[in-house]
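Notes follow once the structure below has been shown.
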Amino acid sequence: MVGHAPVGRPRTSWSAPHQLQRVRRRASGAPSSKRCAVEQAVRRQASGAASSKRCAVEQAVRRRASGAPSSKRCAVEQAVRRRASGAPSSKRCEAAGARAGAFGLGVHRQLSPTASCQPLPGSVDLRETRTVTDPIFSFGLLADVQYADDDTHEGLDRHFRASISKLQKAVAEFNRHDLAFVVHLGDLVDHDLENATPVLEIMAGSVAPVHQVLGNHDFASSWSPTGRSDSAALIKAYGMQAAYYAIAQPGWRFLVLDTNEVGVIAHPPGSTEASEGEELLARVKSQGRRNANPWNGTIGRAQRSWLADQLEQAAADGLRAAIFAHHPVFPDHHDNLLDDHELLDWLAGFDALKVWFGGHQHAGGYGLYRDVHVLTLNAVVQSTTNAFAVANVHQDRIVITGHGRQPSYELVIN
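Each residue of the sequence shown is one higher than the one before, starting from 2 at the first, in the numbering used here.
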């Protein structure tokens with residue numbers, strides 16, 4: 002599976018044919034395009050023919066009357082044809098190639114509102130053959146609201162109190178769409194479960210059901226003797242059915258993970274879980290990996306077994322699968338899961354898995370590992386600008402429409 006541009010495809014150039022035409026024109030004595038344009042204008046004035054601007058207006062009127070698509074729609078259709086043929090947009094070739102080289106395998110398409118397309122030689126006019134279909138279903142995405150009644154953390158550009166107004170705007174936008182559900186990818190609060198009350202009240206105003214993912218900050222507590230909130234208390238307060246669970250949708254199975262299950266954040270010192278997390282953290286540090294940080298974790302053996310069963314059953318049922326987790330897993334980053342390399346290599350062996358959605362890394366990001374898209378959402382709490390997205394699921398792709406700082410993506414699904 003690849004995205005917009007296949008790996009290894011040479012960069013498209015539109016200049017060579019034009020140069021060849023100029024050589025032929027000089028050899029034959031044919032006038033240049035500039036001279037042709039002048040002569041055509043003179044003939045048009047002499048004959049009373051309409052100017053190009055008048056022609057454009059008349060064409061637009063005729064187009065509206067006949068139902069033909071506008072030039073903006075044509076540009077979209079040309080982009081579709083380009084994707085079908087594998088030819089990259091001239092403005093995106095260099096960026097796509099850089100991403101392909103970085104990930105070594107393939108690229109997604111990051112949508113650009115300013116990108117323009119030129120028709121491909123020999124392309125088919127899809128205005129007569131293709132109709133735009135509605136998504137099978139849609140859902141809302143946001144991560145790291147991280148609310149607290151605290152001052153802004155200037156050094157990290159985190160605006161804790163501002164998360165209230167940002168979340169209100171996100172929910173209002175979600176309610177404008179027909180969403181199957183909304184998922185928040187962890188760190189609902191910066192610390193202390195008491196801070197969850199105002200944000201949960203805002204989320205209760207969502208028309209679509211809201212699903213929570215546990216993040217590392219959700220466990221931070223100023224009041225607990227251990228400095229950690231109890232997992233069971235979080236699950237109850239957030240209205241979760243369990244720390245990890247499945248969400249069924251037409252053609253898809255979404256799997257919510259608890260990536261703090263093994264680590265030093267979610268468990269009191271001296272507990273079996275904390276000891277296991279300390280051993281894993283020490284091993285990752287000994288390997289010199291930059292994600293060897295105490296705020297990272299991973300899934301335990303029981304959860305891994307559950308995840309394997311879910312992915313195998315999804316494949317048997319002819320379903321695709323996606324994961325919602327707090328921690329990202331790819332590309333390499335200091336905020337990744339502690340065992341990111343091993344876990345992702347194992348997961349890529351399941352044919353049903355198509356996407357990993359994560360948070361935690363506040364700047365967001367994207368990677369493609371074999372056939373698995375890894376999309377990390379920008380954090381709501383970060384900076385003064387909001388960040389959230391609406392995902393539209395089609396038969397062969399998921400279109401991510403970003404709002405605020407969140408970029409838009411098109412994830413091609415095989």
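Think of the CB as a built atom: it goes at the ideal place given N, C-alpha and C, for glycine as much as any other residue.
All of these numbers come straight from a predicted model, not from anything done at the bench.
**Item:** Inter-residue spacing [alpha-carbon to alpha-carbon] between D333 and L186
**Value:** Whole-angstrom Cα-Cα distance: 19 Å.
**Request:** State yes or no: is the C-beta of Q407 within less than 8 Å of the C-beta of G366?
**Result:** Not in contact: Q407 and G366 (Cβ atoms no closer than 8 Å).
**Message:** Buried or exposed, going by whether 16 or more other CB atoms sit within 10 Å of the CB of W347?
**Reply:** By the neighbour-count rule (16 or more Cβ atoms within 10 Å), W347 is not buried but exposed.
**Request:** For D179, count neighbouring C-beta atoms within 10 Å of its own C-beta (all shown protein chains included) and say buried if the count is 16 or more, exposed if not.
**Result:** Around the beta carbon of D179, fewer than 16 other beta carbons sit within 10 angstroms, so the residue counts as exposed.
**Prompt:** Per DSSP, A390 forms a beta bridge with which residues?
**Reply:** Beta-bridge pairing links A390 to L142 and G403.
**Prompt:** In whole angstroms, what separates the C-alpha of A267 from that of L215?
**Reply:** For A267 and L215, the distance between alpha carbons rounds to 10 Å.
**Prompt:** With burial defined as no fewer than 16 other Cβ atoms inside 10 Å of the residue's Cβ, what is the status of H434: buried or exposed?
**Reply:** The structure shown has nothing for residue 434, since the chain only spans 2 to 415.
**Message:** Pull the bridge partners of L376 from the DSSP assignment, please.
**Reply:** Looking at the DSSP assignment, L376 forms a beta bridge with F358 and Y367.
**Prompt:** Are three or more beta carbon pairs between the region 314-327 and the region 268-281 nearer than 8 Å?
**Reply:** In short, these stretches do not touch, since the Cβ pair count stays below three.
**Cβ-based burial, S164 [other Cβ within 10 Å; buried from 16]** = Result: buried.
**Prompt:** Roughly how many angstroms separate the alpha carbons of D336 and T377, rounded to a whole number?
**Reply:** In a straight line, the C-alpha of D336 is about 11 Å away from that of T377.
**Request:** Could you check how far apart the C-beta atoms of N292 and L339 are, in whole angstroms? I think they sit under 8 Å.
**Result:** Contact flag correct, Cβ pair sits at about 6 Å.
**Prompt:** Pairing CB atoms from the region 169-179 with CB atoms from the region 193-210, are three or more of them under 8 Å?
**Reply:** Short answer: they touch.
**Message:** I need the straight-line Cα distance from V257 to Y246, nearest angstrom please.
**Reply:** If I take the Cα positions, the gap works out to 5 Å.
**Request:** Below 6 Å CB to CB, which residues in the same chain sit around P136 once its five sequence neighbours on both sides are set aside?
**Result:** So the qualifying residues of the chain are N393, V394 and H395.
**Message:** Under DSSP, the beta strand (DSSP E) around L312 begins and ends at which residues?
**Reply:** The continuous stretches of beta strand (DSSP E) do not include L312, which lies in the alpha helix (DSSP H) extending over residues R302 to A317.
**Prompt:** What residue from T385, K355 and H363 has the CA that sits closest to I399's CA?
**Reply:** It is K355 whose Cα lies nearest to the Cα of I399.
**Request:** Tell whether a beta-carbon distance below 8 Å holds between D151 and F161.
**Result:** In this structure, F161 lies closer than 8 Å to D151 by Cβ.
**Prompt:** Out of curiosity, what's the CA-to-CA distance linking T134 and I401?
**Reply:** Whole-angstrom Cα-Cα distance: 16 Å.
**Asked** What are the boundary residues of the beta strand (DSSP E) that F351 is part of?
**Response** No beta strand (DSSP E) holds F351; DSSP gives it neither H nor E.
**Request:** Note down, in chain order, each residue of its chain lying with its Cβ closer than 8 Å to the Cβ of H404, except the 5 sequence neighbours on either side.
**Result:** Here the set comprises A171, E174, N387, A388, F389, A390 and V391.
**Prompt:** Which runs of the alpha helix (DSSP H) fall wholly inside the region 268-304 and span at least 4 residues, in chain order?
**Reply:** Listed in chain order, the complete alpha helix (DSSP H) runs (minimum 4 residues) inside the region 268-304 are 273-287.
**Request:** Count the other C-beta atoms from every protein chain shown that fall within 10 angstroms of the C-beta of K92, then say buried if there are 16 or more, exposed otherwise.
**Result:** With a pLDDT of only 36 at K92, under the threshold of 50, the placement of this residue in the model should not be trusted; the figure read from the coordinates follows. Classification of K92: exposed, given that the 10 Å Cβ count is below 16.
**Prompt:** Can you give the Cα-Cα distance for D397 and N196, rounded to whole angstroms?
**Reply:** D397 and N196: Cα-Cα distance of roughly 40 Å.
**Request:** Using alpha carbons as the reference points, say which of A244, A149 and V375 lies closest to G412.
**Result:** In the sequence as presented, Gly is not what sits at residue 412; that position holds Leu. It is V375 whose Cα lies nearest to the Cα of L412.
**Asked** At what residues does the beta strand (DSSP E) containing E411 begin and finish?
**Response** Per DSSP, the unbroken beta strand (DSSP E) holding E411 starts and ends at Y410 to V413.
**Item:** Unbroken stretches of the alpha helix (DSSP H), 4 residues or longer, contained in the region 145-213
**Value:** The qualifying runs are 164-175 and 197-204.
**Asked** If you compare alpha carbons, which of N294, G252 and I300 is closest to E343?
**Response** Closest option to E343, Cα to Cα, is I300.
**Asked** Out of curiosity, what's the CA-to-CA distance linking Y239 and A221?
**Response** Rounded to the nearest angstrom, the two C-alpha atoms are 15 Å apart.
**Spatial neighbours of N294 in its chain, beta-carbon cut-off 7 Å, leaving aside the 5 residues before and after** = Contacts found: H335.
**Message:** Please tell me whether A380 and G359 are closer than 8 Å, where the distance is taken between their beta carbons.
**Reply:** In this structure, A380 sits away from G359, with a CB-CB distance that is not shorter than 8 Å.
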